[in-house]
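Participant: Numbers 12 to 810, taken from our numbering, label the letters of the sequence shown in order.
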Amino acid sequence: MSEFETRRDPGVTHSDRPGSPPPGETRRDTGVPPAPPTGGALIRLPGPLAERFIVVGELPVQGAESDLLLVRETYGTGDQPSAAEYVVKIFRRGYGADREVWRKLPALNSPHVVRILETGRADDHDYEVMEYAADGNLRALIPATGLEPGRVGEMAEQLAAGIADLHQAGIVHRDLKPENVLVAGTEPVRLVITDFGLSKVIEQSMVFASSSRTLAYAAPESLSGQVSPARDWWSLGMIVRELLTGRPPFTGMSETAVVDHLATRPIDNDDIADPRLRLLCQGLLARDPRRRWGGDEVRAWQQGGSPPVAAEPPAHRAAPAGDGLPFAGRRFTDRGELARALVENWDDAARYFFGGYGGRLPDESSFGPSEAWRSLRDWLSRFDDGRIELIDRHLAGPEPPDVKLLHLVRWLDPSLPPHYLGRRVTADDLPGLAALANEAPHPDHRSACLIGRALWDHDLLPVLAGFAGGAGLTEIGARWRGHVAAWNELAAWLRERIPPPVASRLPDAGAPGRDEPPVVLLTLLALAAKPAETAAMLARAAVRARDSVRDPVPWFGWLADAAGEDPLRLLTVVRTAPDAALEAESLVRDRHAAQQQAVDRERLWAERERARLAGRSSAVARAVLWTLPFLVLSLVVSWLVGRLGDGNGNDGVRSVGGLQSGSSAPPVVLFAFAVGAWLVVCGAEVIVARQLGRDYFGPWSWLARLSGAAGRGLSGASRMASGTARRPGQRGCGLLLAGGLLGLLLLIVVLSAVLAIAWVLWLLVLVAAATASAVYAGVRLNKWRQEHERQQRAALGAA
Numbered sequence: 012m013s014e015f016e017t018r019r020d021p022g023v024t025h026s027d028r029p030g031s032p033p034p035g036e037t038r039r040d041t042g043v044p045p046a047p048p049t050g051g052a053l054i055r056l057p058g059p060l061a062e063r064f065i066v067v068g069e070l071p072v073q074g075a076e077s078d079l080l081l082v083r084e085t086y087g088t089g090d091q092p093s094a095a096e097y098v099v100k101i102f103r104r105g106y107g108a109d110r111e112v113w114r115k116l117p118a119l120n121s122p123h124v125v126r127i128l129e130t131g132r133a134d135d136h137d138y139e140v141m142e143y144a145a146d147g148n149l150r151a152l153i154p155a156t157g158l159e160p161g162r163v164g165e166m167a168e169q170l171a172a173g174i175a176d177l178h179q180a181g182i183v184h185r186d187l188k189p190e191n192v193l194v195a196g197t198e199p200v201r202l203v204i205t206d207f208g209l210s211k212v213i214e215q216s217m218v219f220a221s222s223s224r225t226l227a228y229a230a231p232e233s234l235s236g237q238v239s240p241a242r243d244w245w246s247l248g249m250i251v252r253e254l255l256t257g258r259p260p261f262t263g264m265s266e267t268a269v270v271d272h273l274a275t276r277p278i279d280n281d282d283i284a285d286p287r288l289r290l291l292c293q294g295l296l297a298r299d300p301r302r303r304w305g306g307d308e309v310r311a312w313q314q315g316g317s318p319p320v321a322a323e324p325p326a327h328r329a330a331p332a333g334d335g336l337p338f339a340g341r342r343f344t345d346r347g348e349l350a351r352a353l354v355e356n357w358d359d360a361a362r363y364f365f366g367g368y369g370g371r372l373p374d375e376s377s378f379g380p381s382e383a384w385r386s387l388r389d390w391l392s393r394f395d396d397g398r399i400e401l402i403d404r405h406l407a408g409p410e411p412p413d414v415k416l417l418h419l420v421r422w423l424d425p426s427l428p429p430h431y432l433g434r435r436v437t438a439d440d441l442p443g444l445a446a447l448a449n450e451a452p453h454p455d456h457r458s459a460c461l462i463g464r465a466l467w468d469h470d471l472l473p474v475l476a477g478f479a480g481g482a483g484l485t486e487i488g489a490r491w492r493g494h495v496a497a498w499n500e501l502a503a504w505l506r507e508r509i510p511p512p513v514a515s516r517l518p519d520a521g522a523p524g525r526d527e528p529p530v531v532l533l534t535l536l537a538l539a540a541k542p543a544e545t546a547a548m549l550a551r552a553a554v555r556a557r558d559s560v561r562d563p564v565p566w567f568g569w570l571a572d573a574a575g576e577d578p579l580r581l582l583t584v585v586r587t588a589p590d591a592a593l594e595a596e597s598l599v600r601d602r603h604a605a606q607q608q609a610v611d612r613e614r615l616w617a618e619r620e621r622a623r624l625a626g627r628s629s630a631v632a633r634a635v636l637w638t639l640p641f642l643v644l645s646l647v648v649s650w651l652v653g654r655l656g657d658g659n660g661n662d663g664v665r666s667v668g669g670l671q672s673g674s675s676a677p678p679v680v681l682f683a684f685a686v687g688a689w690l691v692v693c694g695a696e697v698i699v700a701r702q703l704g705r706d707y708f709g710p711w712s713w714l715a716r717l718s719g720a721a722g723r724g725l726s727g728a729s730r731m732a733s734g735t736a737r738r739p740g741q742r743g744c745g746l747l748l749a750g751g752l753l754g755l756l757l758l759i760v761v762l763s764a765v766l767a768i769a770w771v772l773w774l775l776v777l778v779a780a781a782t783a784s785a786v787y788a789g790v791r792l793n794k795w796r797q798e799h800e801r802q803q804r805a806a807l808g809a810a
């Protein structure tokens, strides 16, 4: 199954079978119902599930690799809605389920294995949807004094049946414990096995894996990573022991002590009173997986048989020596035991032996020796194999206390697995550091960052390679430094070509104060440790990064297009994607804002146009009123021109200043021309008014300009005449008077001549006035259109 596929068990969820009753419920907590969410769950459902389920709350028990949510799916119709509850397991970033296990889960049809209803991957997380049980897990049923043997036998048979069904399907659980056994019913009790996060598909009898496990219930061979069906039978034996005694295994012991016990000592079952159940535990807890009971022996035991049990060598316990090195309330004489105690109590050991003076050993001549350091030095003096080099080269140098402790532990017992800060650091563990460094809420985030920084700053991988299980760490360290050099060169080149705010996303790997937390540094470490897996992970992450940038961002598009399959360039794409996504969202917001502004401007302009056009009626009325003075004036002048002729309408000759005038046109003709001219003027104004609407202005604005110009002309003429009179004196005044009389005489002569054809001239004036008015209306309309278009472009934001 591809990691992007989703599998849903058909015919199970209520969205597939409306009206069906809720399935058998499962539960992984301690039996206490989850509290209702306050302010919402801290863990979010992946996108596809968030559309179908409502989060009820987070389950109190969370694993190291995953989180558990109680969700509700609403279904049903009409007046009888129903709700079904499920548990959703969400794997944390950096962890995932075995796809082969997911593929085989549908084949399981066991009453003692929880049904996984749906599996898939979304939002960079694997997830599983399973049944929910309100009765809690097996831990809630175990009293402090243990259960009755008969009840324990029934539970053991159910768990054995579930384990056998898992193995029949080719799945090894690898993490059986009471928390992973759910109580599906209480009357009678029915147990089901759950939580397949660490499960492994077995294609042959034995494989090796490095994933974590719950140590108290883990078989001895799991310490070396060996995976076989025998591991689950050991876990069953530990669970049966706890059911009988009421005591969890290895109570009060540290992890290092548990590892030492599993590696060197058998499990003592003498405290089990019931002989049949003691035989079962002895068979299941054989340290040799080849001689440990399996499904066949358990079935024979259930039928009353007594299969043979492998003999275990007696446990050996070294007697403490009184002159050993004091530490953590004990005295140590054995190098291996001290090494394990130092690893178990790493922080206390580093501070106790080396931390009193800021990480440097004290200058004995100035301050006097540290008592703990003096005790350690005296204790080391008993050994000759490299003690002097250890002290002079490593313990007395300027390295931090944790680095000194690492060298001490390696010298004491190099057969231990490599540890730093009390945590195992093998080649298989290195990729997980990057995932933890990138997940700040994780409880191991700070430790991962400290380990990664120390591995780089103090070049510790070659040191860790000196431990058993440290093979390949030296080569990984060399590749790591090569990757860091290549990254720093690439990042420096890219920082000059991308926006300055984004450049901080591409820091120099390992640079103090810049690559904090050291996500880039540890990602390059993962690439050095697991090249193929990390490159594939970066390729998938880069695809998701590109998809997260939903709008084109030029610099990011260039960066993504140039990445190809180069893992370092793919890392730059992943690192810069958040800024590109923010920029794309900003561009989208700006575009939407511009579109909204354009819509608002168009709306305002449309409202203005509607208001302008709504004023057409009043504009037309104003146009008619504006032209009425022209009608009155033209009619009055037409009447006066008609009176200049024969007022009785008879032909004749009249004398005007000694000159003769001919007959005039009939008044009807003059009035008709006057009305016609007015109709032309009025029609032109009405056309303009209908076009302009509320913006309409009258035609007489030119009169104001004309009257102003005329006033300015008469004033100038008066000033000129006055100036002329002042210049020639009395004689000049006489000449000026004579010139004025001559001009008046000429005016009378011209007026007499004009009066003879006054009616013709008046008709021409009416025609000219009508024509000029129409032309003037057209000019005004054209100027208004140009101004209207300019205002429209300004209002709509056009160029």
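Yeah, the Cβ is synthetic: ideal placement off N, Cα and C, and Gly gets one too.
#1: Return the first residue and the last residue of the alpha helix (DSSP H) that residue 363 is part of.
#2: Exposed or buried, residue 400, counting other C-beta atoms within 10 Å across all chains shown (16 or more means buried)?
#3: Judging by CA-CA distance, which residue of 627, 188, 336 is the nearest neighbour of residue 170?
#4: Please work out which residues of its chain come closer than 6 Å, Cβ to Cβ, to residue 297, disregarding the five sequence neighbours upstream and downstream, and give them in chain order.
#5: Would you kindly check if the distance between the Cβ of residue 192 and the Cβ of residue 202 is under 7 Å?
#6: Considering residue 178, what are the terminal residues of the beta strand (DSSP E) in which it resides?
#7: Just the Cα atoms here: how many angstroms apart are residue 37 and residue 155?
#8: Taking the alpha-carbon positions, what's the residue 570 to residue 57 distance?
#9: Keeping to the same chain, check which residues put their C-beta closer than 8 Å to that of residue 473; ignore five residues upstream and five downstream.
#10: Residues in the same chain with beta-carbon distance under 8 Å from residue 811, minus the five sequence neighbours each way, listed in chain order, please.
#11: In this structure, does DSSP put residue 78 in helix, strand or coil?
#12: Can you tell me which residues form a DSSP beta bridge with residue 787?
#13: Is it buried or exposed for residue 280, if we count other Cβ within 10 angstroms and need 16 for buried?
#14: Alpha carbon to alpha carbon, how far is residue 261 from residue 295?
#15: In angstroms, rounded to a whole number, what distance separates the CA positions of residue 68 and residue 78?
#16: Taking a contact to mean a Cβ-Cβ separation below 7 Å, would you say residue 7 touches residue 585 in this structure?
#17: Using the three-state DSSP reduction, which class does residue 478 fall into: helix, strand or coil?
#18: Could you please give me the residues that DSSP links to residue 336 through a beta bridge?
#19: Taking only three categories from DSSP, how would you classify residue 131?
#20: Do the stretch 450 to 463 and the stretch 500 to 515 meet, that is, are 3 or more Cβ pairs less than 8 Å apart?
#21: Where does the unbroken alpha helix (DSSP H) through residue 311 begin, and where does it stop?
#22: Near residue 696, what residues of its chain come up, given a Cβ to Cβ distance below 7 Å and the 5 sequence neighbours on each side ignored?
#23: Could you check if residue 472 belongs to the surroundings of the ligand FAD, using beta carbon to heavy atom distance under 6 Å?
#24: Using CA atoms only, rank isn't needed, just tell me which of 460, 783, 149 is closest to residue 197.
#25: Taking 7 Å as the cut-off, decide whether the C-beta atoms of residue 242 and residue 185 are in contact.
#26: On a CA-only basis, which of 419, 574, 707, 385 is nearest residue 397? Give me that one, please.
#27: Using the C-alpha atoms, what's the distance from residue 549 back to residue 577?
#28: Where do the N-terminal and C-terminal ends of the beta strand (DSSP E) with residue 151 fall, by residue?
#29: Identify whether residue 695 lies in helix, strand or coil by the three-state DSSP scheme.
#30: For the 8 Å Cβ check, are there 3 or more pairs between the stretch 412 to 432 and the stretch 346 to 363?
#31: For residue 21, count the other beta carbons within 10 Å of its own beta carbon; 16 or more makes it buried, fewer makes it exposed. Which is it?
#32: Applying the criterion that 16 or more other CB atoms from any shown protein chain within 10 Å of the CB defines a buried residue, is residue 250 buried or exposed?
#33: Taking the DSSP output, what are the residues bridged to residue 141?
#34: Helix, strand or coil: how does DSSP classify residue 793 here?
#35: Quick one: what does DSSP say residue 431 is sitting in, helix, strand or coil?
#36: Can you tell me whether residue 498 is buried or exposed, with buried defined as 16 or more other CB within 10 angstroms of its CB?
Facilitator: Reading from the atomic positions:
#1: It spans 357 to 365 - the alpha helix (DSSP H) in which residue 363 sits, taken as one unbroken run.
#2: exposed
#3: 188
#4: If the five residues before and after residue 297 are omitted, its C-beta is found closer than 6 Å to the C-beta atoms of 303, 321, all from its own chain and listed in chain order.
#5: Inclusion of residue 202 and residue 192 in the CB contact set at 7 Å is warranted, their separation being smaller than that value.
#6: Here residue 178 belongs to no beta strand (DSSP E); instead the alpha helix (DSSP H) covers 160 to 179.
#7: Bear in mind that a pLDDT of 35 at residue 37, under 50, signals an unreliable position, so the model cannot answer this.
#8: 29 Å
#9: 484, 485, 488
#10: Not covered by the structure: residue 811. The range shown for the chain is 12 to 810.
#11: strand
#12: Per DSSP, none; premise fails for residue 787.
#13: buried
#14: 17 Å
#15: So the two alpha carbons sit approximately 11 Å from each other.
#16: Outside the modelled stretch of the chain, which goes from 12 to 810, sits residue 7, for which no answer is possible.
#17: coil
#18: 343
#19: strand
#20: no
#21: 306 to 313
#22: 634, 637, 638, 710, 788
#23: The ligand FAD is absent from the structure shown, which contains no ligands of any kind.
#24: 149
#25: Yes; because the gap between Cβ atoms is below 7 Å, this pair is in contact.
#26: 419
#27: 9 Å
#28: That residue, residue 151, is in no beta strand (DSSP E); it is neither H nor E in DSSP.
#29: Here residue 695 sits in helix by DSSP.
#30: Three or more Cβ pairs closer than 8 Å define a contact, and the stretch 412 to 432 meets that threshold against the stretch 346 to 363.
#31: The predicted position of residue 21 is uncertain, since its pLDDT is 38 and thus under 50; no value can be drawn from it.
#32: buried
#33: 98, 127
#34: helix
#35: strand
#36: buried
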